[in-house]
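Visitor: Handing you this structure, nothing more for now.
There are 2 protein chains.
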Amino acid sequence: VSAHFADRLSELTSARGPICAGIDPRQAQLPVGQGAAGWGAETAALLASGVAALKPQLAFFDDEWGPVEAVARAADGRCVVIADCKRGDIGSTAEAYARRLLGPDSPFDAITVNPYLGRDALAPFVDAAAENGKGLFVLVRTSNPGASDLQELTLESQEPVFERVARLVHAVGEPHRGRCGRSLVGAVVGLTAPPDQIRRLRELMPHAPFLMPGYGAQGGDPDAYRVALDSDGGGVLVSASRSLTLPWKGQAPDDWKQRVQGALAEMRGQLGLG
Amino acid sequence: VSAHFADRLSELTSARGPICAGIDPRQAQLPVGQGAAGWGAETAALLASGVAALKPQLAFFDDEWGPVEAVARAADGRCVVIADCKRGDIGSTAEAYARRLLGPDSPFDAITVNPYLGRDALAPFVDAAAENGKGLFVLVRTSNPGASDLQELTLESQEPVFERVARLVHAVGEPHRGRCGRSLVGAVVGLTAPPDQIRRLRELMPHAPFLMPGYGAQGGDPDAYRVALDSDGGGVLVSASRSLTLPWKGQAPDDWKQRVQGALAEMRGQLGLG
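Taken in sequence, the protein lines are chains X and R. Just so we're aligned, residue 1 is where the first sequence starts under the numbering used here, counting upward by one. Just so we're aligned, residue 1001 is where the second sequence starts under the numbering used here, counting upward by one.
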């Protein structure tokens, strides 16, 4: 159908740097008179040529399809659009999600997926992505404090739980690598994780694109992404939401678009992108 | 606002037995000319006085709100309605989901939640449920083969991962028990799990309602639910989807409502409910 997801993503990050802009329409911060769809689409149109990826968070669209579709359409193919929905379910139900979110008619290029239900719950997403030139990012080591409750528990083999998830991500992704060498199955790895964890995860998943949340509001170290770069010096997306697309307190000021452009320039500086 | 979720659920299971009917509108099996909303609402209306709970699976409603809301409204308060959506996200995003799915205006009485992101990802759901007389069921040990990939891994403490999740479910649920003694925080425990796992999970979560999928199509032992009964001989929902609400091959026959009623009578017999 279309180019391999990993190849498209790699071209974009090579050309523009590794920035992913989170689109989380928090009602109290939107411009007066605008809703999720309006602000989301305007922000997507504003940023789609300057970032590698946009990541609308479905929770902030009340799980409604129309408004989030409007955001994806506003990007108009200029960057990849990752629907952050963290889906995960047993086989036949995962197939239903995969048809909708990663089918040929989906406006999204990729989604985020939860691994708690295991390999048979990932398979329908991998299959749909492979068939339709799309991708997925599996939660491996998230950026929130609760990552320690389950993901960081130590197994009797002395590895943490998240390393086993990483092995699973590598195993299901390896048959689906693009010309760039990277897989359409990526991993969510928090920028807030200790560098040795990030380094280890890169060893275990040498070909997975990393989607790294935790920049800005969550306090992740901007330099931490360098540890995650793969042997070709890429394969990373640093995701910022509030600090990039809603960089103000309270309701949006009149010059909100300039503020967003300013926040992007600042983030590029902090990541050393010049 | 309304009675405690666990009290309502306990009254229903005492009066009617522990059956939860899954509403998964698989297009190829629906009556000719009916869509997800139409069949779902008719099935809900048909069963709401005969079962303790209905469980619409959001994946089969294409994540659209209108049709699944129609199903919940058709139940008209005659039983509890559990939205099977397996949501799980970091704190502020989980709050957005919780407002929508467990807020005072939500048509649902409870939802299913994924624990991979840890305690801070569960808290907003617990808070919203407590405030609005609603409940949640956290995935602990699912019914699918992939449960072994992550949930059944052995920790260095020699307990499996799912036991740590069970301890977390117990901890967050304990402050939220109803007059019946049960909590509004329940657990998803597959009927396909070995009896010793189910027994252990009941020990670790003495006050959690168990939602047990895996009956029928997934091959769970109908007697397995007895092991999960709590010290008052309740606290269990056995969930059946295809075998109960779509008990035919191909498109629905004309007498589909009698078939569903027949499947309910058969399931009651298999569970020894007379």
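All C-beta atoms in this analysis are idealised placements derived from N, C-alpha and C, irrespective of residue type, glycine included.
(1) Is the Cβ of X:Gly103 closer than 7 angstroms to any Cβ of chain R?
(2) Quick one: list the residues of chain X neighbouring R:Lys1086, beta-carbon separation under 7 angstroms, in chain order.
(3) Can you check the stretch 55 to 88 of chain X for any alpha helix (DSSP H) of at least 4 residues that lies completely inside it and give the ranges in chain order?
(4) Sorted by chain position, which residues of the same chain lie with C-beta nearer than 7 angstroms to X:Arg26's C-beta, five sequence neighbours on each side aside?
(5) Identify the residues that DSSP records as bridge partners of X:Cys20: which are they?
(6) What span of residues does the alpha helix (DSSP H) with X:Met267 cover, start to end?
(7) If I'm right that X:Lys134 touches R:Gly1088 with Cβ under 8 angstroms, what's the distance once you round it to whole angstroms?
(8) Between R:Pro1145 and chain X, is any beta-carbon pair separated by less than 7 angstroms?
(9) So, is the C-beta of R:Glu1156 closer than 7 angstroms to a C-beta in chain X?
(10) Can you tell me the Cα-Cα spacing of R:His1207 and R:Arg1177, whole angstroms?
(11) Could you please give me the residues that DSSP links to X:Tyr215 through a beta bridge?
(12) By a C-beta neighbour count over all protein chains shown, 10 Å radius and 16 as the cutoff for buried, is R:Gln1151 buried or exposed?
(13) Could you check which residue in R:Ala1217, R:Ala1123 and R:Val1236 has the C-alpha nearest to that of X:Gly146?
(14) Just reading off the beta strand (DSSP E) that X:Phe137 is part of, what are its end residues?
(15) With a threshold of 8 angstroms, are at least 3 pairs of Cβ atoms found where one atom belongs to the stretch 1069 to 1083 of chain R and the other to the stretch 33 to 42 of chain X?
(16) In the DSSP assignment, the alpha helix (DSSP H) including X:Gly186 goes from what residue to what residue?
(17) With DSSP as the reference, identify every bridge partner of R:Phe1210, one or two as the case may be.
(18) Examine chain X for any beta-carbon lying closer than 7 angstroms to the beta-carbon of R:Ala1059, and answer yes or no.
(19) So if I threshold CB-CB distances at 7 angstroms, which residues from the stretch 177 to 196 of chain X count as touching chain R?
(20) Rounding to the nearest angstrom, what Cα-Cα distance links R:Gly1233 and R:Cys1180 in this structure?
(21) Contact check, X:Leu47 vs X:Ala21 under 8 angstroms by CB: the rounded distance?
(22) Taking a contact to mean a Cβ-Cβ separation below 7 angstroms, would you say X:Arg167 touches X:Leu204 in this structure?
(23) Could you check if X:Ala41 is buried or exposed, using at least 16 other CB atoms within 10 Å of its CB as the buried criterion?
(24) Determine, for R:Ala1006, whether the minimum Cβ-Cβ distance to residues of chain X falls below 7 angstroms.
(25) Compare the C-beta of R:Val1001 against all C-beta atoms of chain X and say whether one is closer than 7 angstroms.
(26) So, does the CB of R:Gly1118 fall closer than 7 angstroms to a CB anywhere in chain X?
(27) For chain R, check one thing: does any of its Cβ atoms lie closer than 7 angstroms to the Cβ of X:Tyr97?
(28) Tell me the rounded alpha-carbon separation between X:Asp62 and X:Arg100.
(29) Tell me whether R:Arg1287 sits in a helix, a strand or coil according to DSSP, three-state version.
(30) Taking Cβ-Cβ distances shorter than 9 angstroms, what residues in chain X pair up with R:Leu1168?
(31) Could you tell me which residues DSSP puts in a beta bridge with R:Arg1202?
(32) Here's the rule I'm using: 16 or more other beta-carbon atoms within 10 Å means buried, otherwise exposed. How should X:Glu156 be labelled?
(33) Between R:Arg1016, R:Ser1092 and R:Arg1141, which has its C-alpha nearest X:Tyr116's C-alpha?
(34) Using only the alpha-carbon positions, how far apart do R:Arg1200 and R:Ser1231 sit?
(35) Mind checking if R:Ala1121 is an interface residue toward chain X, Cβ cutoff 7 angstroms exclusive?
(36) Look up R:Ala1110 in the DSSP assignment and say whether it is helix, strand or coil.
Guide: On the basis of the supplied data:
(1) no
(2) Gly88 and Asp89
(3) 65 to 75
(4) Phe60 and Leu246
(5) X:Ala53 and X:Ser239
(6) Trp256 to Gln270
(7) With 8 angstroms as the limit, X:Lys134 and R:Gly1088 do not qualify as a contact, their Cβ atoms being about 22 angstroms apart.
(8) yes
(9) yes
(10) 8 angstroms
(11) X:Gly220
(12) buried
(13) R:Ala1123
(14) Gly135 to Arg141
(15) no
(16) Per DSSP, X:Gly186 belongs to no alpha helix (DSSP H); it is in the beta strand (DSSP E), Val185 to Val189.
(17) R:Ala1187 and R:Val1236
(18) yes
(19) none
(20) 12 angstroms
(21) 5 angstroms
(22) yes
(23) buried
(24) no
(25) Because R:Val1001 carries a pLDDT of 41, less than 50, the predicted location of this residue cannot be relied on, and no value is offered for it.
(26) yes
(27) yes
(28) 17 angstroms
(29) Chain R is shown from 1001 up to 1274; residue 1287 of chain R falls before or after that span and cannot be answered.
(30) Asp149 and Leu150
(31) In DSSP, R:Arg1202 forms no bridge with anything.
(32) exposed
(33) R:Arg1141
(34) 14 angstroms
(35) yes
(36) strand
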